[in-house]
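K.L.:
So for the sequence shown, this note's numbering puts the first residue at 7; every next one is plus one.
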Amino acid sequence: MTSSALCFPGLRGRQGCCSDWPDLQIHETLRRMSRRSGPNQLPDHSSFLETKEILMASDVFTGTIPALMTPCRADRSPDFDALVRKGKELIAAGMSAVVYCGSMGDWPLLTDEERQEGVARLAAAGVPVIVGTGAQNTQRAAAFARHASEVGAKGLMVIPRVLSRGPSASAQQAHFMAILEAANGLPAVIYNSPYYGFETRAELFFQLRDKFPNLIGFKEFGGAASLTYAAENITGQSDDITLMVGVDTQVFHGFVNCGASGAITGIGNVLPKPVLKLVSLCEQAAKGDVTARQKALELDSALAVLSSFDEGPDLVLFYKYLMVLEGNPEYELHFNASDALSRGQMHYAKTQLELFKTWYAAWSA
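1. Residue ranges of each alpha helix (DSSP H) run of no fewer than 4 residues wholly in the stretch 244-298, ordered along the chain?
2. Restricting to runs no shorter than 4 residues, where is the alpha helix (DSSP H) found entirely within the stretch 316-345?
3. If distances are taken between C-alpha atoms only, which option among 164, 183, 277 comes closest to residue 99?
4. I'd like to know if the stretch 176-195 and the stretch 227-243 are in contact, where contact means that at least 3 CB-CB pairs between them fall below 8 Å.
5. Could you give the residue range of the beta strand (DSSP E) that holds residue 197?
6. May I ask you to verify whether the stretch 68-88 touches the stretch 272-292, counting CB pairs closer than 8 Å and requiring at least 3?
7. Please specify which runs of the alpha helix (DSSP H), each continuous and at least 4 residues long, are wholly inside the stretch 55-140, giving them in chain order.
8. Report the rounded CA-to-CA distance for residue 305 versus residue 253, giving the unit in angstroms.
9. Is it the case that the stretch 155-165 contacts the stretch 191-207, given that we only count it when at least three CB pairs across the two stretches are under 8 Å?
10. Which whole-angstrom value describes the C-beta separation of residue 248 and residue 270, a residue pair presumed to lie in contact below a C-beta threshold of 8 Å?
11. Which first and last residues belong to the beta strand (DSSP E) in which residue 226 is found?
12. Sorted by chain position, which residues of the same chain lie with C-beta nearer than 6 Å to residue 251's C-beta, five sequence neighbours on each side aside?
13. What residues in its chain sit with their C-beta under 7 Å from that of residue 345, if we drop five residues either side in the sequence?
14. Under DSSP, the beta strand (DSSP E) around residue 2 begins and ends at which residues?
15. Are the beta-carbon atoms of residue 74 and residue 132 separated by less than 8 Å?
16. Can you tell which of 321, 232, 80, 358 has the C-alpha that lies nearest to the C-alpha of residue 109?
17. Pop quiz: residue 203 and residue 172 are said to be a contact at Cβ under 8 Å. What is the actual Cβ separation, rounded to whole angstroms?
18. Give the range of the alpha helix (DSSP H) segment to which residue 240 is assigned.
19. Determine the direct distance from the alpha carbon of residue 348 to that of residue 145, and round the result to whole angstroms.
20. Hey, quick one: how far does the alpha helix (DSSP H) through residue 142 stretch, first residue to last?
21. Would you mind giving the Cβ-Cβ distance between residue 312 and residue 359, rounded to the nearest angstrom? I have them listed as a contact below 8 Å.
22. Can you tell me whether residue 122 is buried or exposed, with buried defined as 16 or more other CB within 10 angstroms of its CB?
23. Please go through the same chain and pick out, in chain order, the residues whose beta-carbon is closer than 8 Å to the beta-carbon of residue 239, but skip the five residues on each side of it.
24. Just verifying my parser: in three-state terms, what is the DSSP assignment at residue 218?
25. Contact check, residue 77 vs residue 327 under 8 Å by CB: the rounded distance?
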């Protein structure tokens with residue numbers, strides 16, 4: 007079936023018509039829109055243009071995307087000048103976008119005003135930012151989504167409801183719907199993580215997607231088995247659903263075995279060049295490149311210990327410390343003075359960083 011054959015009556019030939027979309031994306035999107043509109047109601051032209059814009063904007067979720075940490079001033083308040091500086095630096099290094107107000111950004115430790123200032127400052131500086139919606143209640147999460155859409159953020163990372171009725175699928179569905187409604191069409195991915203005590207399964211994902219075409223993807227933090235489930239049951243159902251690897255230890259598995267097209271990274275803040283190289287090799291390996299596959303496995307193995315910090319509760323402490331070792335003193339402090347690595351943890355992290363850098367210099371020569 008050609009693209010033009012998929013256009014609804016009266017739309018063929020118009021500027022901005024769906025005839026220039028990729029065929030599979032047209033088919034899936036129009037099928038969903040028809041189902042929502044009913045058998046006798048066709049979506050109007052403005053609906054097509056809105057959906058086309060969402061699909062084009064979804065590219066922000068591809069490639070390598072560091073989750074920014076929040077640097078601190080001497081009084082332990084957020085240093086947004088340093089935040090923006092680091093965001094611009096990472097984009098200049100080749101990152102596709104950044105995430106802010108995820109776990110790496112310490113969202114539970116920021117006030118609502120601080121979170122919104124950080125997002126607004128990044129967006130105003132031209133840094134493509136994906137905004138985490140984590141909050142203690144649905145109303146606040148929706149407010150963060152609305153604010154992100156108003157200040158020019160490029161996407162949302164929708165975090166489940168926490169603390170209250172977390173295991174309830176109906177409660178989570180209502181929570182997700184409120185956020186996606188408030189997003190005003192901003193492209194969004196569901197963030198699935200065992201830390202939140204709820205697993206978004208395929209049935210719920212597609213119930214949400216049928217109502218909100220701006221839900222374009224799925225970020226999986228839960229490990230290899232969870233990524234495989236997502237590939238088989240969610241992103242494998244349609245070529246216009248993006249799978250994102252949400253933990254540094256699963257980049258190879260996610261891209262090569264599960265068809266992921268994006269990776270949200272913690273260690274990429276510290277070592278942007280090697281992580282960009284890893285993702286590039288994995289993308290090539292996913293297309294059958296034998297040499298790229300071998301090199302990706304080598305690099306993934308060498309990064310394994312540093313990547314494993316992303317899986318634990320001290321991830322921000324580890325990665326801030328490594329940032330300081332790499333010449334970024336603005337990451338020395340945390341919001342709470344009691345949040346600190348032990349002497350043994352610091353020694354271990356420093357040793358592993360030095361070991362990796364020595365190996366990488368020889369490997370990449």
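Ideal placement from N, C-alpha and C gives every residue a C-beta, glycine not left out.
P.N.:
Put simply:
1. 278-291
2. 321-331
3. Just measuring C-alpha positions, the residue of 164, 183, 277 sitting nearest residue 99 is 277.
4. no
5. Residue range 194-198 is occupied by the beta strand (DSSP E) that includes residue 197.
6. yes
7. 86-99, 118-130
8. 16 Å
9. Between the stretch 191-207 and the stretch 155-165, the count of C-beta pairs closer than 8 Å reaches three or more; the two stretches touch.
10. Their Cβ separation, rounded to whole angstroms, is 12 Å, which puts residue 248 and residue 270 out of contact at 8 Å.
11. 221-226
12. 257, 260, 266, 269
13. Within the same chain, residue 345 has close Cβ partners 323.
14. No answer is possible for residue 2: the residues shown for the chain start at 7 and end at 371.
15. no
16. 321
17. 4 Å
18. No alpha helix (DSSP H) holds residue 240; DSSP gives it neither H nor E.
19. When the Cα atoms are used, residue 145 and residue 348 turn out to be separated by approximately 38 Å.
20. Residue 142 -> no alpha helix (DSSP H), and no H or E assigned at all.
21. Rounded, the Cβ-Cβ distance is 7 Å, consistent with contact.
22. Taking every protein chain shown into account, the CB of residue 122 has 16 or more other CB atoms within 10 angstroms, so this residue is buried.
23. 207, 208
24. Correct three-state label for residue 218: coil.
25. Between residue 327 and residue 77 the Cβ distance is about 13 Å, and since that is not below 8 Å, they are no contact.
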